[in-house]
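Asker: To start, I am sharing the structure in question, which I have written as structure tokens.
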Amino acid sequence: TYDLRQDSKWSVSLSGSIINLDNNSQFDALKAGRKTLRAKAGLDYRLPNRWSIGLMATQDLFMRGDGTTLSPTLTYRQPLSEVSTLMLSQSIIWGSASHWQTQQNLNPEGITHQGAGWGSLGTQLAYRHKLSRHWGFFSQLSAQRTLQPIFSSSLSSTPEWTYSGQLGVVYF
165 TYDLRQDSKW SVSLSGSIIN LDNNSQFDAL KAGRKTLRAK AGLDYRLPNR WSIGLMATQD
225 LFMRGDGTTL SPTLTYRQPL SEVSTLMLSQ SIIWGSASHW QTQQNLNPEG ITHQGAGWGS
285 LGTQLAYRHK LSRHWGFFSQ LSAQRTLQPI FSSSLSSTPE WTYSGQLGVV YF
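For the sequence shown, this note's numbering begins at 165 and goes up steadily by one.
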């Protein structure tokens, strides 16, 4: 990730990653499969009273099927100390038809939005803790719901909400 701008109000970043479209993994970029370069741009504006609004955009630069996404986000930050913060975010994802089709192909048993449009609503709770000048710890819990219409091949027994979590250490 490259931070183009970061000040008290604005944060602008760019990043890119090689994605293996046959198994939806950045870690399998060296394995066989159809790959593309996904560009990501982020814009975040800090509002008064610990709130911020943002927009994240992704684009499949080689046009190999991952398409385009736009995701507006609203975040509340609660400082717990000088080195730790708790954040609650709400986002919604708009995706091109090719993006949602690729997601369905990668997970045929899952529920996926059909066609271009607002396809996913998400909530995230994250904790960040600065361990030292360049090291930090993070954890996050996420819940995501697919919005109608969905692919007819989606199984009715698939849960409407999906949940995930992460723990990690980061060097910055």
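We put the CB at the ideal spot given by N, CA and C, even for glycine.
#1: Compute the distance between the beta-carbons of R214 and K173, then report whether it is under 8 Å.
#2: Report the option in K199, A203, L168, L185 whose CA atom is closest to the CA atom of S179.
#3: I think R307 touches G286, with their Cβ atoms under 8 Å apart; what is that distance to the nearest whole Å?
#4: Closer than 8 Å is the cut-off here; do at least three beta carbon pairs connect the stretch 240-248 with the stretch 259-279?
#5: Helix, strand or coil: which one does DSSP assign to T266?
#6: Considering H293, what are the terminal residues of the beta strand (DSSP E) in which it resides?
#7: Please tell me whether D208 and G197 are closer than 8 Å, where the distance is taken between their beta carbons.
#8: Measuring CA to CA, which of D167, F336, Q312 is closest to G259?
#9: For Q242, count neighbouring C-beta atoms within 10 Å of its own C-beta (all shown protein chains included) and say buried if the count is 16 or more, exposed if not.
#10: In chain order, what residues of the same chain have a beta carbon less than 8 Å from the beta carbon of G279, not counting five sequence neighbours either side?
Answerer: Quick look at the numbers:
#1: no
#2: A203
#3: Strictly speaking, residue 307 in this sequence is Ala, with Arg absent from that position. About 7 Å; that satisfies the 8 Å criterion.
#4: no
#5: helix
#6: 281-294
#7: no
#8: Q312
#9: exposed
#10: A261, W264, P313
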